[in-house]
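**Q** This is the structure I have questions about; it appears just below.
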Amino acid sequence: MSIIENIDKITEIIEVDQHISSRSITQKLNIDHMTVLNHLHIPGFDMNLNVWVPHQLNRENMIDQISICEALAKQNKIDTFL
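Take 992 as the starting number for the sequence shown in this note's numbering and just add one per residue.
In structure tokens:
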């Protein structure tokens, strides 16, 4: 099986079940665990709170991230933690 076929099959499995473990994917496809882990990062998947999610942030996520950082920085100026 080629690398592209592996990545496509792994992506299909994750689209069906985002909570699936990398070990389960290994068993389903009968390929090495490190191969699965390496192939998961090629399309940009990361495990976040036991869910496989694309690593790339969309515009809304980036704006939220910036807003939260600005609010925390502003709060730190008003009420220093240490």
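Each residue gets a CB set at the ideal place from its N, CA and C atoms; glycine is no exception.
Tell me whether L1031 is buried or exposed, calling it buried when 16 or more other Cβ atoms sit within 10 Å of its Cβ.
**A** Numbered from 1 along the sequence shown, position 40 holds the residue referred to as residue 1031. Flag for L1031 reads buried.
**Q** Is the beta carbon of N1067 within less than 7 Å of some heavy atom of the ligand SAH?
**A** Because no ligand of any kind appears in the structure shown, any question about the ligand SAH cannot be addressed here.
**Q** Determine the contact status of V1027 and I1016, defining contact as a CB-CB distance below 8 Å.
**A** Reading the sequence shown from its first residue, position 36 is the one you call residue 1027. Reading the sequence shown from its first residue, position 25 is the one you call residue 1016. Yes.
**Q** Between the alpha carbons of I995 and K1068, how many angstroms are there, rounded?
**A** Stepping through the sequence shown from its first residue, residue 995 is reached at position 4. Stepping through the sequence shown from its first residue, residue 1068 is reached at position 77. When rounded, the distance between both Cα atoms is 50 Å.
**Q** Ordered along the chain, which non-local residues of its own chain (more than five positions away) have a Cβ less than 6 Å from that of N997?
**A** Taking the sequence shown and counting its residues from 1, one reaches residue 997 at position 6. Excluding five sequence positions before and after N997, the CB atoms of its chain that fall closer than 6 Å to its own CB belong to H1030, given in chain order.
**Q** Counting C-beta neighbours from all protein chains within 10 Å, is the total for I1054 16 or more, i.e. buried, or is it exposed?
**A** Against the sequence shown, residue 1054 aligns to sequence position 63. That one is exposed.
**Q** Would you decide whether I1096 is buried or exposed? Buried here means 16 or more other CB atoms lie within 10 Å of its CB.
**A** The requested residue 1096 is not part of the displayed model; the chain covers only 992 to 1073.
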